[in-house]
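Everything below concerns the one structure shown next.
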Amino acid sequence: MILDPILDMFRGKAVTIPPLDGAFRPNTRLDEAPAFAELSEPDNLLVSGGRLLASSGNAVYSLAAGAEPQVIETFPSPITALALSPSGELTVALESGKLLISGKEASLPADISCITALAYAEDGTLWLANGSAEHAPSQWAADLMKKGASGSLWKRDATGGEFRKVAGALAFPYGLHPLGGDVLVSESWHHQLIRFDGATGSRSTVLTHLPGYPARLSPAADGGAWLALFAPRNRLIEFVLQETHYRQDMIDQVPPAYWIAPALASNRSFLEPLQCGGIRTMGIHKPWSPSRSYGLVVRLDAKMQPQFSLHSRANGTRHGICSVAEKDGRLFIAAKGGDCVLDAGGF
Amino acid sequence: MSGAGPGTGLNLEIMALTAAVVGGVSLGGGRGSVIKGLMGAIIVLTMTNGLIRLGYGTGTNQMVLGIMLAVAVTIDIRWLKNRHKVLNEVYVAPVYLKMGETQSAVPGSGTPYELDNRLSAADHIGLGELEGPEDVILDRDDHLYCGTRHGEIVRFFAPDYVKSEVFAHIGGFPLGLAFDKSGNLISCVGAMGLYSVSPDREVKRLSAETARSWTSIVDDARLRDPNDCDIAPDGRIYFTDSTKRYDAHDWALDSIENRATGRLLVYDPRDGSTKTLLDGYRYTNGVCMAHDGKSLFFAESWACRVHRYWLEGPKTGTAECVIRDMPGYPDNINRASDGNYWMAWLGMRTPSFDLSLRHPDMRKRMTRRLPQDEWLFPNINTGGVVKFNEKGGIVEALGDLSGDAHPMVTSMREHKGHLFVGGILNNRVGRYKISGADPNWTSPASYWGAKP
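Put into C-alpha cells, the structure is as follows:
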C-alpha cells in the first residue's frame, strides 16, 4: 500500500522467528520412536566401551535393551556433562562446578563454575564449555531471561596442565564437537553454531538462525554431526526478551517454573503460561501451536549444514532433547523433558 | 436568494460534490452527516475565495477543486478498504489491573480450591458430534439440551443420551440456557441476543438491545455477548452481556484487554423491556437465582469474583462481592441439590498472566507485534467445578487435571444425582455421578415446583 512508509512509523516492529522448513520440516519421528529406557530427566548420553551411558540426576546409568537402567556411579551433586577420553577415562562435570576425571578432581580456574559440555579431541585435548559466569547450569533459564552472554570456551592440552581460555563472552555455549584441532560450539542464546580455531581462537560462524536453542553436539559415523535443540524459539518469548520491565518483574516475582521462557517440558501445570494457539479446542491440541518446549534433533552433514531432522511437536511428549549418541549405527536420543531414552534406529 | 428555481445551483455541481466528499461523506454510502457536508462546504468556499483573491482564473479554480475531489475520493476508498486492518491493528487497548493474592488450587495445597482429577472419570455424551456445548440443561423428562457453535440447540434423549436431534436452529452461538415456568427454553445467544424456544420449537427473539448508556461515545445499546441467564420467580429474566468490546466468538480476547464493560440486564416479559441493572464489570458471566429467589449470584470472570445482586429486601438493587480472588476464572453458576451452588471455572490464573495485567503497555505491544496465536492468554486449558454455599464459602472443587476429557469447563447442571458438564471449546458433554447427591432432585422442580 502506498501509505505503508508513513504508517510504518506508527507500527510496532513484528517479532519473527525462522520457520520450520527445509531440513527442519516437522515430522513426528521422535514420538514414533520406541523408548529404549525409562529414565528420569536423562541428560547426557555417552558411548563407552560398547555400553550406552546416560546421566540422570546425581548418577550415571548404563542402559541396555530390555533391562532396567543400572547405576554405574553416583556423585554428590547433579551431573551436568559427560565425556570419555581416548584412553577411556570417564570425565564428569557436576552442578557444583567440579570436574572429575576417572573419579579424581581436576583443578579448574576460578572462572569455571557452570560446565555445560565436555569433549575430547582425537589427540586427547579436552574442550570445556562454561555456560555462564553468573549462573549454575540448572539456572539456565535465568541466564537467558537476563540476556546473559558471559559463557566461555576452555581447553586443556592432552599432556595435562591448566585449562586455557580460548574465547569469552559467549551466550551460553552448550555443545562441543571437535573438528581436528578446531572445535564447533553451539551458542544457545544466539541460536547458532560457531567454529573456533584451536590455535588462534579466531571464530567463524557456521550455522545461524536456528529455529531452536541448540544443546549438545555429537559425532555421526559419516563425519557429520548430530545437533540436539533443547527448546524451540517462540515469538512470545522473544517478545518478552525485548520487554525490559515485564521481564525484570517476572524474574523477581514469578517462580522460574512458570516464567514465559523456554522449557524442557510444558503443559504439566495449570500455572504455566498459555498462548492463544495452544488452547485445546474440540479435544485437539494443535501440533503447530506455539509451545515452550519441543523435541528436535538435527543431522548435520560434514560441512555442518542441516540435512534432515526428527521432531516431537507441540502436542508430543518427547521434548527437551539435550543429547544424542550414535552407537553401532543406531541413534539414541535422551529426552530430558520426556523422561526417556529413545532408540531412533539407523540412518 | 429571492427564490429557488430550476436553475439554482447550476454549474456548482463540482463544488457541491467536492464539499461533500472532502467533508467526509462516503461516496460508497453509509457514512455522512449534515455537519460533515457543512464543513466540506466551508473548506471549498475558503479554497475558491482564496484562489480568486490570489488572482487565479476560473479554470485554475475548477482544476484545484477537481484535484481536491480526486484526492478525497482516493483517501475515502483506501480508508474504507483498509479500515478493518487498521482497526485490527489498534483495536485491543489493554488496561491496568492488580489482581489480589489468591489461594492455591494446586493438588496437595490443602486449600478448599484444591483441584483433583475426578472429572476425568465422567462419561461422555455426544463425543465427536457436539462442538461447543457452552451450557447444558435438562428438562422435566430428563432430556438434555445444549447449544453448539453452529447456532443450534441440540437435544439428547433420555435415558442413555445416545440419540440426538437438532431441537432448534437459532444462529449465533447459543450460550446460557434456562427453562421458564411454562417450559420455554430461554437462551442467551452470543452475538445475537436473548431468545426463547417454545416446547414446539418456535424461536422467538426476546431482546437484542438495551438503553444506550449516557456517557458512551460508541453506541453500546446492542448486546454483543449475551452469556448466561436465569429466571426469577416472577418471570423476569436476568442475564449478562459480558463485554461491549468483542463478539461472542472472540470472547477470550476480552481477557487480554481486561476492560470493565460487562453488564447485568433484566428482561421483563410483561412489557418486553430490557433494562441495564449493573455496568462496569470485567466480563459478567454466569447468573443463578438463589434458592429462595430473593437474590441472584453472578460471576465476574476476569476479576475472579462472584457477586450477589439483591432483588428483594433492604439491599434491593445493589450488588455485593461474595467470593473474591479465586485462583480460577468463574463461568456459569447453577443450583446444587444440597442447597449450595455449582460454579464452573473456565480457566486458571497463571502468575505470568497476572503480572501482565499490571503491564498494560506490554500487552498492547504484544497485540501489535505478534500474531494472535502467539498472544499470552490465561490458562484456559484447565478448568474445574467448584461448589460454594449461600455465604460464598467454598465447599469443594473438582477438576480434570489430565486435560483429556474436560480441559475447560464453562457449565455444569445437576440432575438426579449426576452432574452434566459442558465446555465452550469442548467436543462432548460429561456426565459425572455425584456421590451423596439427592437422586431425585432436578433443576426444573427446584425452580418451578413439582410437575403440574
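From first to last, the protein sequence lines are chains F and B. In terms of my numbering, the first sequence is residues 516 to 862. In terms of my numbering, the second sequence is residues 2 to 453. Ideal Cβ positions, reconstructed from N, Cα and C, are used throughout, including at glycine.
Would you identify the three-state DSSP class for residue i, choosing helix, strand or coil?
| i | result |
| --- | --- |
| His826(F) | strand |
| Pro361(B) | helix |
| Tyr773(F) | helix |
| Pro445(B) | helix |
| Phe847(F) | strand |
| Leu347(B) | strand |
| Ser105(B) | coil |
| Asn50(B) | helix |
| Glu1(B) | Outside the shown range of chain B, which is 2 to 453, sits residue 1(B), and nothing can be said about it. |
| Thr285(B) | strand |
| Asp374(B) | helix |
| Asn341(B) | coil |
| Pro459(B) | Since the first residue of chain B shown is 2 and the last is 453, residue 459(B) is not available in this structure. |
| Ser555(F) | coil |
| Ile36(B) | helix |
| Phe180(B) | strand |
| Asp77(B) | helix |
| Leu399(B) | strand |
Work out the CA separation of residue j and residue i for me, nearest whole Å.
| i | j | result |
| --- | --- | --- |
| Thr317(B) | Leu207(B) | 25 Å |
| Glu583(F) | Ala552(F) | 7 Å |
| Ala776(F) | His706(F) | 15 Å |
| Arg783(F) | Ala657(F) | 20 Å |
| Asp546(F) | Ile532(F) | 24 Å |
| Ile15(B) | Met48(B) | 13 Å |
| Ala829(F) | Trp346(B) | 25 Å |
| Asp272(B) | Asp140(B) | 27 Å |
| Ser571(F) | Ser592(F) | 11 Å |
| Val45(B) | Lys245(B) | 39 Å |
| Lys670(F) | Val856(F) | 30 Å |
| Val288(B) | Ser188(B) | 12 Å |
| Ser34(B) | Val26(B) | 7 Å |
| Trp655(F) | Ala730(F) | 12 Å |
| Met193(B) | Asp355(B) | 31 Å |
| Ser555(F) | Val575(F) | 12 Å |
| Pro805(F) | Phe847(F) | 27 Å |
| Glu130(B) | Gly418(B) | 25 Å |
| Asp764(F) | Glu132(B) | 39 Å |
| Ala249(B) | Ser197(B) | 18 Å |
| Gly676(F) | Thr543(F) | 46 Å |
| Ser183(B) | Phe240(B) | 19 Å |
| Ala550(F) | Pro541(F) | 20 Å |
| Gly60(B) | His85(B) | 39 Å |
| Val586(F) | Asp136(B) | 54 Å |
| Ala636(F) | Ser602(F) | 12 Å |
| Glu375(B) | Gln790(F) | 5 Å |
| Trp449(B) | Phe158(B) | 22 Å |
| Asp226(B) | Arg213(B) | 16 Å |
Per DSSP, residue i is paired with what?
| i | result |
| --- | --- |
| Trp669(F) | Leu643(F) and Lys680(F) |
| His416(B) | His419(B) |
| Ala569(F) | Leu560(F) and Tyr576(F) |
| Ala68(B) | Reading off the sequence, residue 68(B) comes out as Ile, not Ala. Answer is none; Ile68(B) lacks a bridge partner. |
| Val410(B) | According to DSSP, which records beta bridges pairwise, Val410(B) is partnered with nothing at all. |
| Val812(F) | Ala743(F) and Leu825(F) |
| Asp697(F) | Leu694(F) |
| Pro175(B) | Val190(B) |
| Gly861(F) | Arg845(F) |
Beta carbons nearer than 8 Å to chain F: which residues of the stretch 378–390 of chain B have them? Phe378, Pro379, Asn380, Ile381, Asn382 and Thr383
Beta strand (DSSP E) runs contained entirely in the stretch 594–667 of chain F, provided each spans 3 or more residues: 594–599, 605–609, 614–616, 630–635 and 641–645
If contact means a Cβ-Cβ distance below 9 Å, which residues of the stretch 637–671 of chain F contact chain B? none
Suppose only complete runs of 3+ residues qualify. What are the beta strand (DSSP E) ranges in the stretch 200–281 of chain B, listed by chain order? 204–208, 227–232, 238–242 and 263–269
3 or more residues per run - each beta strand (DSSP E) lying fully within the stretch 131–171 of chain B: 137–139, 145–148, 153–157 and 165–170
What residues in the stretch 417–444 of chain B have a beta carbon less than 8 Å from any beta carbon of chain F? Leu426, Asn427, Asn428 and Arg429
Where in the stretch 729–802 of chain F do unbroken runs of the beta strand (DSSP E), each at least 3 residues long, occur, reported from the N-terminal end onward? 740–747
Could you run through the stretch 529–541 of chain F and flag, in chain order, every residue whose CB is less than 7 Å away from some CB of chain B? Ala529 and Val530
Interface residues of the stretch 776–795 of chain F facing chain B [CB-CB below 8 Å]: Asn782, Ser784, Phe785, Leu786, Glu787, Pro788, Leu789, Gln790, Cys791, Gly792, Gly793, Ile794 and Arg795
Contiguous beta strand (DSSP E) assignments of at least 3 residues, all confined to the stretch 312–336 of chain B: 320–324 and 329–336
To be precise: take each residue of the stretch 336–361 of chain B, compare its Cβ to all Cβ atoms of chain F, and keep it if any distance is under 9 Å. Which residues remain? Gly348, Met349, Arg350, Thr351, Pro352, Ser353, Phe354, Asp355, Leu356, Ser357, Arg359 and His360
Chain B contacts made by the stretch 744–766 of chain F, where a contact means CB separation under 7 Å: Arg750, Leu751, Phe754, Glu758, His760, Tyr761, Asp764 and Met765
What are the residues of the stretch 395–415 of chain B that lie near chain F, defined by any Cβ-Cβ distance shorter than 9 Å? Gly400, Leu402, Gly404, Asp405, Ala406, Pro408 and Met409
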